[in-house]
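**Q**
Number of protein chains: 2
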Amino acid sequence: MAQETFLDPTELDIEAHRAQVLEQLRALARTDRPGLGYDPAHGGGGDVGGSLTSFEMLGFGDLSLMVKAGVQWGLFGGAVQLLGTERHHREYLRRITSGELLGCFAMTEHGHGSDVQHLRTTATFTDGGFVIDTPDESAVKEYIGNAARDGELAVVFAQLITGGESRGVHAFLVPIRVGGEPAPGVTITDCGRKAGLNGVDNGRLAFDGVRVGRAALLNRFADVAEDGTYSSPIESDNRRFFTMLGTLIRGRISVAGSAVNATKRALAVAVRYGERRRQFFTPDGDEVVLLDYRAHQRKLLPAIAKTYALHFAQERLVSTVHDLGTEPAEHDQRELESRAAGIKAVATWHATRTIQTAREACGGAGYLAENLLPALKADTDVFTTFEGDNTVLLQLVAKGLLTGYRDYFADLSTLATVRFAAEQLVETLLERTSARKVLDRLAGAADDEVLFDREWHLRLFEDREEHVLDGVARRLRKAAESGDAFAAFNDAQDHVLRTGRVHVDRLVLEAFAAAVDRCEDSAAAALLGRLCDLYALSDIEADRAWFLEHGRLTSGRAKAVTAAVNTLCAELRPYARVLVDGFAVPEQFLRAPMLES
Amino acid sequence: MAQETFLDPTELDIEAHRAQVLEQLRALARTDRPGLGYDPAHGGGGDVGGSLTSFEMLGFGDLSLMVKAGVQWGLFGGAVQLLGTERHHREYLRRITSGELLGCFAMTEHGHGSDVQHLRTTATFTDGGFVIDTPDESAVKEYIGNAARDGELAVVFAQLITGGESRGVHAFLVPIRVGGEPAPGVTITDCGRKAGLNGVDNGRLAFDGVRVGRAALLNRFADVAEDGTYSSPIESDNRRFFTMLGTLIRGRISVAGSAVNATKRALAVAVRYGERRRQFFTPDGDEVVLLDYRAHQRKLLPAIAKTYALHFAQERLVSTVHDLGTEPAEHDQRELESRAAGIKAVATWHATRTIQTAREACGGAGYLAENLLPALKADTDVFTTFEGDNTVLLQLVAKGLLTGYRDYFADLSTLATVRFAAEQLVETLLERTSARKVLDRLAGAADDEVLFDREWHLRLFEDREEHVLDGVARRLRKAAESGDAFAAFNDAQDHVLRTGRVHVDRLVLEAFAAAVDRCEDSAAAALLGRLCDLYALSDIEADRAWFLEHGRLTSGRAKAVTAAVNTLCAELRPYARVLVDGFAVPEQFLRAPMLES
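Respectively, the protein sequence lines represent chains A and B. If you read the first sequence in numbering that gives the first Met the number 0, its first letter stands for residue 0, the second for the next number, and so on. If you read the second sequence in numbering that gives the first Met the number 0, its first letter stands for residue 0, the second for the next number, and so on.
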């Protein structure tokens, strides 16, 4: 198909944009990509890593297509595949793959987004089937992609009620549109214009006594017999719920990957502009190229370094998901969910900040739609709060650490976390002390021996994580004795979030360092190594208040870190173009008038 | 006129939006606001402060109107008033005020935006008049508001050539559109869709041998006689140029004011949402209001404090401009330009960051156009780079400080600055030492005696500024001896920018402190005082790495600052609503479905 099929629009109205994205989706459906991650028994490719990577690649183009494809094949198809059983796979997967059957993933409600456990839509078992109801305004399904215009079937998350008893949230297949019109009992409204992603038809869904058959329940983890008897291979309601949710982490991984790729695109645009654009003359009468200014280098080069870092962290995550397969050990699965959550949070915040920086670095030209950055900015904005609000996700990462992934930390109950922290932490922490020994050894060395030493970076990140985690555990443990678990948790919330963040920073640095180590081309390895230095030192510089406060850096060494970041910016400046070329953004997505005239 | 006239659109296409904004502009023209700042002799109100305040008020509504009105009455009309003489005032001001004559301010070119001195459009005196030419692509006037659709006359900045000699940049009145069609020799193109502000018709202007009469020169600061003889009351070309530019600072002041008001609106929306929205339950079964979470308070309350701070700084700036009148002493004028530049930079970056935070604080609802934040975000984005790129503006502030406002520091020549720094700085710095004495006295006091002491905040900000300025001056002085002025300046650029920033931070704190002092209602003064504490302590917290590195804070006190910010967030949380109500955003601009259902 023509490459132009995938160009992103700058001048389409909403309806035309939606139509174009649907057409692009259909073009994609004619390739082998959509079914890559599904079971080969139903026409899938059985290649989870390939599937995730192909979603990521959509991050280079119009992000509306990435999101619409993500809804169709990742969330909707993924739920059918991972929460359903043979009968669902047989009946739906081929039609979902081919795009013949378009669907929605109806989880979020008007009143509950992050707190999925308290969704209020109900699915009541009666007369051999389920009746789906929206009890009130707060239970209306909200922001549902594919709902306003194209979806026919929805995976609806609802509280299952059978025998008068509530069994918690389960997923049901519910037809929402028949022959282009809302199905009986289903009310669909359009969310209208959004800040971005206007090629995706987000809508609201309300259900009024909608009957579906017993087979509508996606019954891999729980079933209801003909007589209404409820059964599940997982005894605990909590555990079952989080097992179901856990299967859906691929969405978060795809968002993180797309965010990283959108960031690459913005940086490629900004560097090309920064190498062409000149402003102000030197005393010698030369007009200075923007990227020769230190302030401009400071804006773009550390961002390039962090984007490489996140690229490698993301690559490692995707490999792990791929290798773990569909039935990972529980501890591994918990750890993986945590890692996906953390990288999604850090990568999407990085995207928001960096694309903004890229826009400003291109001045007025960056504000024109034709120069690509406005759409990149508007489209990626929501990434920080959808597929898990970043603040909530970092909290989830911290809880995983605090509980040693030993339980369903995805349950955000503060009481549980405080208790865990109180009971389980001492032993976890005592295992780690090696980092401090290395740091103590290096403390006396000269700046230039230490600042570019990978061992020093790694141990510093590790030691920071240990110290922050230890501190928050102590605080929560002490606070747990105070009686008011919420107040105790809330009082430490910024500390908890910091725990999640420094943990992710450490994982990201490790992934980058590993990528440098395995690079076989020595020139490339040397360049990547310097870039990894810049990532590590920029991170340390940004957080140097903490390092100073906790005696990890002297003020002399802290100032040396800042100086080293400047040195690296100057040293890497000649490679800026080659570094963004290394992102391999397809040229068709870099066509902007400001880069041509 | 109906209040609804001024509602901002969420669903209009570009042409409809432009039409609506023009209609709003015409409605405004029927009030006495547009002419408030002009000379009473030509129908104006002679009230500069009132005029600036009325532009600021437009910052509460659709920012396209603020920008279009700013172009028409601030930039275009302002240039006629301040760069023109009696003959221009008589001929144009009334028609500009009434909106009968719509105009443009054609300064920025494709190749030169920040570096206005090197604009390349030419105005050649010949046969008793001027011929305006665009010599090449890089000289095309770019992003010109009012150009694509409505403007008839433009103030065009061009290199004046008379007698074969170039006289530098001057301003000329050039008709660009006659009877709705481009004037002969004028090519107008449309900049098309932008990230925001789509109600403003930005366009490009190119001139091919366009003849205008001798009276087209706005001749307050320079004139050309019938025989082509050039004369000016200001001898130095450089000085004349910056005197002309200096008269135009009102645009920057208006942008800063609008940015502050747009920020207020975003915060009012986010606080209302944060007080309604609940997510996750406490162990006691209460669903927690978002604003009761520490992380949420941390997102919004320091931003509210800084918005108040900037409000007062802006108010003080507007008063000063008003009081100085049209013929201020040169030093006062330079200092004022610097202050306007600095507050514009800090206020617009604060707007970009805070509106983004507000969007994220409202989750998915904040991403829907109907909930106002997307337009606020998209519209204000360009504020950081138009009317002066913020990075360039902070540099200008620093140069003012380095030269003691003794010359035309708006000239960004690096050579000049390095020389000034080398020659003039020692004396300036020796004058200031009192701050350190107070700080030394307070260094030994207990945290709780110091942290909420306004004297401590003020002296700490002052001392930081002195130290940073002293340091950069030493660096530049040393570097000046090295011979390569550009390299020396560039090497210190981040330090130079920091100098500008900490200077503005000090001015802003002083303005806030003065506002608290003059507040006569004791309850309000107490609340404002705590808010001022929060502003000061948040700023210190964000910059505590510097204070630690330079021995201004011990690590114990730095941690106490962080704890104090948390304490203040909790203490002020019950007043969040009253604080945003205090912004007095008209209720009609806060109507969002997410705040109603």
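Idealized CB from N, CA, C, for every residue including glycine. None of these values were measured; they are calculated from a predicted model.
Just the chain A side, please: which residues come within less than 8 Å of ASN489 of chain B by C-beta, in chain order?
**A** ASP291, TYR292, ARG293
**Q** Tell me whether GLN158 of chain A is buried or exposed, calling it buried when 16 or more other Cβ atoms sit within 10 Å of its Cβ.
**A** The Cβ neighbour count for GLN158 of chain A, taken over all protein chains shown within 10 Å, is at least 16; the residue is labelled buried.
**Q** On the three-state DSSP scale, how would you describe TYR366 of chain A?
**A** helix
**Q** Would you say GLY191 of chain A and VAL154 of chain A are within 8 Å of each other, going by their C-beta atoms?
**A** no
**Q** Taking CB distances under 8 Å as the criterion, tell me whether SER596 of chain B reaches chain A.
**A** yes
**Q** With a threshold of 16 other CB atoms inside 10 Å of the CB of VAL209 of chain A, please say whether the residue is buried or exposed.
**A** VAL209 of chain A sits buried, since 16 or more C-beta atoms from the chains shown fall within 10 Å of its C-beta.
**Q** Could you tell me which residues DSSP puts in a beta bridge with GLU180 of chain B?
**A** B:VAL177
**Q** As a quick exercise: from A:ALA294, A:THR242, A:THR356, pick the residue whose alpha carbon is nearest that of ASP331 of chain A.
**A** A:THR242
**Q** Express the C-alpha separation of GLN80 of chain A and ILE95 of chain A in angstroms, rounding to a whole number.
**A** 10 Å
**Q** Beta-carbon of ASP469 of chain A versus every beta-carbon of chain B: anything under 8 Å?
**A** no
**Q** I need the boundaries of the beta strand (DSSP E) containing GLY128 of chain B, first residue and last residue.
**A** 128-132
**Q** Using the three-state DSSP reduction, which class does GLU509 of chain A fall into: helix, strand or coil?
**A** helix
**Q** Compute the Euclidean distance between the alpha carbons of LEU594 of chain B and ALA302 of chain B, then round it to the nearest angstrom.
**A** 20 Å
**Q** Given a limit of 8 Å on CB to CB distance, which residues of the stretch 524-549 of chain A reach chain B?
**A** ARG543, ALA544, LEU547, GLU548, HIS549
**Q** Buried or exposed for ALA409 of chain B, going by 16 or more other Cβ atoms inside 10 Å?
**A** For ALA409 of chain B, the predicted model reports a pLDDT of 42, less than 50, meaning its position is unreliable and no value from the coordinates is stated.
**Q** If we define contact as Cβ-Cβ less than 8 Å, is GLN23 of chain A a contact residue for chain B?
**A** no
**Q** Quick check on this structure: which residue in A:GLN355, A:GLU448, A:ALA255, A:GLU464 has the alpha carbon closest to the alpha carbon of SER433 of chain A?
**A** A:GLU464
**Q** Quick check on the DSSP output: what are the complete alpha helix (DSSP H) runs of length 4 or more inside the stretch 522-567 of chain B, in order along the chain?
**A** Counting only unbroken stretches of 4 or more residues, the alpha helix (DSSP H) elements lying wholly within the stretch 522-567 of chain B are 543-548, in sequence order.
**Q** Cβ of GLY36 of chain B within 8 Å of Cβ of VAL47 of chain B?
**A** yes
**Q** Are GLY363 of chain B and PHE385 of chain A touching if we call contact CB-CB under 8 Å?
**A** yes
**Q** Return helix, strand or coil for ALA479 of chain B, following the three-state DSSP convention.
**A** ALA479 of chain B: helix per DSSP, three-state reduction.
**Q** Please classify PRO134 of chain A as buried or exposed, where buried requires at least 16 other C-beta atoms within 10 Å of its C-beta.
**A** PRO134 of chain A should be labelled exposed.
**Q** Based on DSSP bridge pairs, tell me the residues matched to GLU164 of chain B.
**A** B:THR161
**Q** Scan the stretch 76-112 of chain B and note each continuous beta strand (DSSP E) run of 3 residues or more that stays entirely inside, going in chain order.
**A** 102-105
**Q** Taking only runs that begin and end inside the stretch 297-360 of chain B, name each unbroken alpha helix (DSSP H) of 4 or more residues, in chain order.
**A** 329-360
**Q** Can you confirm whether ALA484 of chain A, when its beta carbon is compared against all beta carbons of chain B, has any partner nearer than 8 Å?
**A** yes
**Q** Cβ of LEU35 of chain B less than 8 Å from any chain A Cβ?
**A** no
**Q** Answer yes or no: does any C-beta atom of chain A fall closer than 8 Å to that of LYS436 of chain B?
**A** no
**Q** Quick one: what's got a C-beta closer than 7 Å to LEU375 of chain B's C-beta in the same chain, skipping five residues either side?
**A** Taken in chain order, the residues that qualify are ALA261, ARG264, ALA265, ILE354.
**Q** Taking 8 Å as the CB-CB limit, is GLN332 of chain B close to chain A?
**A** no
**Q** If contact is defined by three or more beta carbon pairs under 8 Å, each pair taking one atom from either stretch, is the stretch 335-348 of chain A in contact with the stretch 315-329 of chain B?
**A** With a cut-off of 8 Å, the stretch 335-348 of chain A and the stretch 315-329 of chain B do not count as touching, because too few Cβ pairs lie within range.
**Q** How would you label LYS653 of chain B, buried or exposed, when you count the other beta carbons within 10 angstroms and need 16 or more for buried?
**A** The shown model of chain B, from 0 to 596, leaves out residue 653 of chain B, and the question about it has no answer.
**Q** Measure the alpha-carbon distance for ASP446 of chain B versus LEU526 of chain B and round it to whole angstroms.
**A** 21 Å
**Q** Cα separation between TYR620 of chain A and TRP348 of chain B?
**A** This structure leaves residue 620 of chain A out entirely; chain A is present only between 0 and 596.
**Q** Looking only at its chain, what residues have a beta carbon closer than 8 Å to the beta carbon of GLY245 of chain B, apart from the 5 residues adjacent to it on each side?
**A** For GLY245 of chain B, the CB contacts under 8 Å within the same chain, skipping 5 residues up- and downstream, are GLN332, ARG333, GLU336, ALA409 in chain order.
**Q** Under 8 Å between the Cβ atoms of PHE75 of chain B and ALA215 of chain B?
**A** no
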